[in-house]
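Please read the structure below before turning to the comments.
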């Protein structure tokens, strides 16, 4: 079935929404239609074996345990399908019954599925609630009848094509309800690119007989990434055994994914429901391939406590020991989680994860994001990062990046990271019709080109259009040092500065008499300008003592602050040990490349322009003995910036004149 046929089928299914209008909100359409599509798919699969299953059920001995019953009835269904239904009904026979009994008959049909599917419809889809609403609204028969017109048998619609159908439906539902389709689906061409990149250098490992590969997606949605990875691995080696694992927090997406696992012969228990970050359903499991498209910019504040507790108690022996990103974005938590599931054997593991630009550069030295990047890079896990074109996803047009990681780097990649800028026109083509925010797609030939660049570990060159560059890990690191300048102040008891003192909060707490007495003393000092703080403090102390006025430390501090002003020609203010005090307003931070000695940098970039500057030796990294704080960032724009010269003035002028003439013509038509 071609993609256009899938869209046509999706359009037909979508037409059911016309029946729901008025009885359901637009945001609720998916809660009815998606479960009905899953139900129809299962019905098409099980219809041919209905008689055999019912006959087999009659032969079961009384008191048979559930595992034995399931094994016998799964066998009656045949193939790899791990689901059965003991109701006497199918969609065909339901259609021939009294329409007034349809609700009762559908309940019978749903509740007599094997337990693994029954739970999906009852607990995840909450489908019985929707059926009651359809019945109460008098539209249940209309919706059911429309669903019977759709043929979803695997001979007609393959599992991959079912993924496309769900993709089309969820995108439409998300558009009308202002939800995020990207939380459910990753465009298929993006998934295929990630899969191709993951297995690009595993040729020799995957061609052996008896190979087993375990694939994991911690935010699996409806299972598209898992399904396409299995398809690619089996195309590469038909004898390979692929075991799929995943976890999903959205109940409807989980229901669709688990249903797909059931009808394709996979163990449905390996697809877990729940929050991956707080309830790791695959604890202590390790996987050969991991790939994911975690949600972008999603706040994790509401479940931060168990994450921080795990980080504090387990450290690096847990999942989040490297650090915590800002509370508004949890992408790097998913990355750490996946790294914790790398296999420590000869094959190791490979990870492909899609993220936006934030994990590349957000957060300065010492921040959670920077510390996570530092941990990942210094452990030499990052093989490559690929910048994708914009406008690829259904819910956002932002730039996204594929990170490729492994704990078994080949010798030529050790200590190196390859950056590939696949965002240019060479790697995408416009879609004939936009789908939400998705206006572009990566064609097959462009995908093959990206894989070739990665697989060949190519490094720029005119032939590649400088879309690939290889860096040492230390190229992304820097040392942030704090540069101080001395505090230089003059002091004067002028009317303006005394007035400033009156506005000080500490001074205003004094009684009116105390304030007046201090002001009289200050006025008596005159307008003399002092360029040395110690000299002024002595004069002030003498004046206060002569009038027997007692001034506490906070008030004295307020007086000095109000009567002072920065003065480059004044003497340097020093502490009790004679050391220069820093001027916090002149404080600066310099980012020194990690491969360069900070002393050389300061001598070249700071000292010639500020002779009195010094580096704060107490500003240090908790994990490093050197002065300063180590940080890491990966700035694609810096490495792949392409200068675009401005258009010639003559060209712009000619265009403006043409527009003026066009506007004048339109105005004449209006006037006429």
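Numbering (our numbering), first residue to last: 96 to 767.
Each residue gets a CB set at the ideal place from its N, CA and C atoms; glycine is no exception.
Sequence-distant partners of residue 729 (beyond 5 residues in either direction) whose C-beta falls short of 7 Å from its own C-beta, in its chain, are 455, 456, 480, 571. In this structure, 104 is the residue among 104, 231, 119, 114 with its C-alpha nearest to the C-alpha of residue 245. In this structure, the alpha-carbon of residue 205 lies about 18 Å from that of residue 161.
Ranking 564, 764, 230 by CA distance to the CA of residue 118 puts 230 first.
Rounded to whole angstroms, residue 210 and residue 445 show a C-alpha spacing of 35 Å. Residue nearest to residue 655 within the set 721, 585, 426 is 585 (criterion: CA-CA distance). For the segment 540 to 627, the continuous beta strand (DSSP E) assignments of 3+ residues that do not extend past its boundaries occur at 563 to 567, 572 to 579, 584 to 586, in sequence order.
Of the candidates 310, 553, 568, the residue whose Cα lies closest to the Cα of residue 510 is 568. Contact annotation: residue 312 and residue 342 have beta-carbon atoms nearer than 9 Å. Linking residue 227 to residue 202 through their CA atoms gives a straight-line distance of about 10 Å. For residue 237, same chain residues with a beta-carbon under 7 Å away, outside a window of 5 residues either side, are 114 in chain order.
Boundaries of the alpha helix (DSSP H) around residue 331: 319 to 331. Residue burial annotation: residue 453 is buried, with at least 16 other C-beta atoms found within 10 angstroms of its C-beta.
For the set 192, 735, 360, the Cα lying nearest the Cα of residue 563 is the one of 735. Apart from sequence neighbours up to five positions away, the residues of its chain that approach residue 431 with a beta-carbon distance below 7 Å are 414, 415, 417, 467, ordered along the chain. Burial state of residue 543 is exposed, judged by a 10 Å Cβ sphere holding fewer than 16 other Cβ atoms.
Put simply, the segment 339 to 359 touches the segment 124 to 141. At least three CB pairs are less than 8 Å apart. Nearest to residue 258 by C-alpha distance, out of 194, 241, 286, is 286.
Contact annotation: residue 290 and residue 447 have beta-carbon atoms nearer than 9 Å. Assignment of residue 684 by DSSP, reduced to helix, strand and coil, places it in the strand class. Residue 495 has 451 as its beta-bridge partners, per DSSP.
The beta carbon of residue 486 is closer than 7 Å to those of 492, 532, 533, 534, 535 in its chain, skipping five residues each way along the sequence.
Note that the C-beta distance between residue 388 and residue 322 is not below 9 Å. If you draw a straight line from the Cα of residue 195 to the Cα of residue 207, it comes to about 20 Å.
Counting along the chain, residue 530 sits inside the beta strand (DSSP E) bounded by residues 524 to 530.
Annotation: residue 320 to residue 386 spans about 7 Å, alpha carbon to alpha carbon.
Membership of residue 661 in the beta strand (DSSP E) is indicated by the continuous run 659 to 661.
The alpha-carbon separation between residue 310 and residue 384 amounts to approximately 5 Å.
Residue 170 and residue 390 have their alpha carbons spaced roughly 39 Å apart. Every unbroken stretch of the alpha helix (DSSP H) spanning 4 or more residues and falling wholly within the segment 211 to 267 is given here in chain order: 222 to 231, 235 to 243. Following the DSSP letters along the chain, one finds residue 707 in no beta strand (DSSP E), marked with neither H nor E. Ranked by Cα distance from residue 702, the options 579, 552, 635 are led by 579. Under DSSP, residue 723 shares a beta bridge with 715.
Listed in chain order, the non-local C-beta contacts of residue 419 below 6 Å within the same chain comprise 463, local neighbours out to five positions each way being set aside. Linking residue 187 to residue 212 through their CA atoms gives a straight-line distance of about 20 Å.
In the structure shown, residue 638 adopts helical secondary structure according to DSSP, grouped into three states.
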